[in-house]
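In what follows, a single structure is set out as structure tokens and then discussed.
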Amino acid sequence: MSFMRFIGFSIVRAWQGFWRNAMMSLAATATVILMLVLLSALFIVITGLNSGLEFIESKVAITARLVDNLSDENRAELIEEFEAYPGVALVEYVSPEEAMARLRESYRETGQELDTGGARITLFSSLEISLTDPNLSGDVGAALDANDDVERVLTKQAEYDTLLGIINVIRTVGLIGIGLVGLTVLFMIINTIRIAVYSRANEIEIMRLVGASDSFIRWPFILEGILCGLVGAIVTIALVAIVWDPIQPAMVTIFQMPTAVSTRFLTTLSVLLLGVGLGVGALGSWISVRSYLAAAR
Amino acid sequence: MTSLLRRRARTVDPDAPVIRMVDVGMTYPNGKVALADVNVDIPRGDFVFLVGPSGAGKSTFIRLLIREQVPTAGNVRVAGRDLIRMRRSQVPALRRRIGIVFQDFRLLPNKTVSENVAFALDVTGSPRGLVRQRVPQLLSLVGLQDHAHHLPTQLSGGEQQRTAIARALVHDPAILIADEPTGNLDPVTSWEIIQLLIQINELGTTVLMATHNQEIVNAMRRRVLALEGGHLVRDEATAAYEREY
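Those protein sequences? They're chains A and B, same order as listed. Residues in the first sequence are numbered consecutively from 304, following my numbering. Residues in the second sequence are numbered consecutively from -17, following my numbering.
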């Protein structure tokens, strides 16, 4: 038996079956598209929030405000001490002048100018400490707090926890939503293929009587389900590609998504959509045909 | 054309019965006994009638031979294969050694005569070249070479049954099982079909024909297996129908 004959036979019959049962096939494909659009939306939001999270992680995790009049020698010792502390990636000194420059810059970014009313303001000097793991901020913060050269410790733990909480909620709700839609899609594909199988019951019976193997009977239907998933995935990828152009700059500016990530994002998402579409199509039709053949045995 | 149906000798022992049933019983889960203590040997090349009233067990008998069902007792061997020990994956190969035709023809209405016959080769992965060679040969054997491109709806009942017979022969089977093949046909057409079955039998294929047609059985004077209430009540060579079912 030629394997190529088998493949050719299965593909041709799957294609014929898809169009013979066109309304049901297109309805199943539409539900695949709905599921994949939701999946794309969730993937975009989660990826954006993860980028934001990584951005926060990469930024200063702890700011240690130093006491006034700390000598250069003591400050150098303090920096040296915390550079050697477990979990600390980088310790950077921010002078009062630099702190003021940053404050002016942040005002400019919002379109305003810092107006001190002529008064001379001196900001605190501080150490900005990056961590290898944001979860260590509690330990490092406590050590800084206990140091006499440190006036006050500010961490980004609260912001980090808030964002992580939001991501987890979105991820959970999104996955539940996709799971429910996924089940609906699976149900639609199972029913579509089941209708196709029952409408060709005579053909299947003849195939069995003349000695067709289960593969010859099963695979055209499985490929028909895969075809629903494939068409659904291709349509969804096209839709995402159309809306990705306006979304991409927002991902970079709002979520601080690195450009390298944003350029390969569409490819990653396309692979995901194809995988899920084909997988759901194959699973649904496999379940449907398997139960029919088991009953017809 | 003779060589068309004489390319077998695939089974191990050429003298062994092509069908052997030993103490076969079939009881359905609801307790109904469809067959009980059936013992039958059908030699290669035989032409056998299977008769009996409705519900006698003829359909179960046939279903066991094509391994659509497995008996609850006894043993069944067909074309050298033990059907009890047979794995599910081996069933398609068995069915290529058995051709089967039915009263209602079971043709695919959207396929032509030629396509209906070719279908049986296509779905078993036969090479294109074999399909192109074999289909015209078989249509010629059953006398439908001029109807190759007709749809079943454009054929008479007899022509539809001939198409079904051609399809049943595509794999050069050792056995042809005909389940009431003349049930839907007028007497003249019925005799034409019987003549075709005899011709196929003479070419070496064992033929088992389930029928209610007393006239045909009496006229043919071939071996008759009679079932009643699941029991084989008669197994006689060159028998008549003897009673009307």
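Yeah, the Cβ is synthetic: ideal placement off N, Cα and C, and Gly gets one too. Since this is a predicted model, take the numbers as computed values, not measurements.
Burial check for Glu383(A): the Cβ neighbour count within 10 Å stays below 16, so the residue is exposed.
Within the stretch 495 to 512 of chain A, contact with chain B at the beta-carbon level (separation under 9 Å) is assigned to Asn505, Glu506, Glu508, Ile509, Met510, Arg511, Leu512. Under the Cβ criterion of 7 Å, Ser518(A) is not counted among the residues facing chain B. Using beta-carbon distances, Arg144(B) does not count as an interface residue toward chain A, since no partner is under 7 Å. Burial is judged here by how many other beta carbons sit within 10 angstroms of a residue's own beta carbon; Phe306(A) has fewer than 16 and is exposed. Proximity to Thr570(A) across Arg407(A), Arg511(A), Ile540(A) peaks at Ile540(A), based on C-alpha coordinates. Look at Ile432(A) here: in three-state DSSP terms it is strand. Ranked by how close their Cα comes to the Cα of Arg78(B), the residues Val58(B), Val52(B), Gln85(B), Ser108(B) have Ser108(B) in first place. Close to chain B, meaning a Cβ-Cβ distance shorter than 7 Å, are the following residues of the stretch 306 to 324 of chain A: Arg308, Phe309, Phe312. Closer than 7 Å to the CB of Ile82(B) there is at least one CB belonging to chain A. Here Ser588(A) is near Phe524(A), since their CB atoms are less than 7 Å apart.
Selection Phe31(B), Thr54(B), Thr135(B), His131(B) evaluated against Asn12(B) yields Thr54(B) as nearest (Cα-Cα). In this structure, the alpha-carbon of Leu120(B) lies about 11 Å from that of Arg114(B). With respect to Val22(B), Met3(B) sits close: the two C-beta atoms are nearer than 7 Å.
Excluding residues up to 5 positions away in sequence, Val113, Val117 lie with their Cβ nearer than 7 Å to the Cβ of Ala100(B) in the same chain. In this structure Arg521(A) is in contact with Val592(A), their Cβ atoms being roughly 5 Å apart against a cut-off of 8 Å.
Here Ile481(A) is buried: its Cβ has 16 or more other Cβ atoms, across all protein chains shown, within 10 Å. Taking all protein chains shown into account, Gly421(A) has fewer than 16 neighbouring C-beta atoms within 10 Å of its C-beta and is therefore exposed. Only Arg70, Ser71, Val73, Pro74, Ala75, Leu76, Arg77, Arg78, Arg79, Ile80, Gly81 from the stretch 63 to 81 of chain B bring a Cβ to less than 9 Å from some Cβ of chain A. Judged by beta-carbon spacing, Met491(A) lies beyond the 7 Å limit of Thr332(A), meaning their Cβ atoms are not closer than that value. Contact check for Val199(B) against Glu218(B) fails: the beta carbons are separated by 7 Å or more. A Cβ-Cβ contact shorter than 7 Å links Ile496(A) with Gly528(A). Closest in C-alpha terms to Leu341(A), from the list Gly441(A), Thr556(A), Leu483(A), Met554(A), comes Leu483(A). By the neighbour-count criterion, in which a residue is buried when 16 or more other Cβ atoms sit within 10 angstroms of its Cβ, Gln177(B) is exposed. Around the beta-carbon of Asn92(B), fewer than 16 other beta-carbon atoms lie within 10 Å, marking it exposed.
Residue state for Tyr10(B) is assigned as coil, using DSSP reduced to three classes. Secondary structure of Leu478(A) (DSSP, three-state): helix. Under the Cβ distance rule, Thr187(B) does not count among the residues neighbouring chain A, no pair being separated by less than 7 Å.
With a cutoff of 7 Å on beta-carbon distance, Met338(A) and Ile498(A) are scored as not near each other. The way I'd put it, the stretch 54 to 64 of chain B doesn't touch the stretch 162 to 176 of chain B; fewer than three beta-carbon pairs between them come closer than 8 Å.
Looking at the DSSP output, Asp161(B) shares a beta bridge with Phe84(B), Ala192(B). Under the 7 Å criterion on CB atoms, Gly107(B) is classed as interfacial with respect to chain A.
Annotation for Tyr396(A): the continuous beta strand (DSSP E) segment containing it runs 391 to 397.
Judged by DSSP in its simplified three-state form, Ile48(B) adopts coil rather than helix or strand.
Secondary structure at Arg116(B): helix, using DSSP grouped into helix, strand and coil.
Interface flag for Ala515(A) against chain B is set, since a Cβ pair is found closer than 7 Å.
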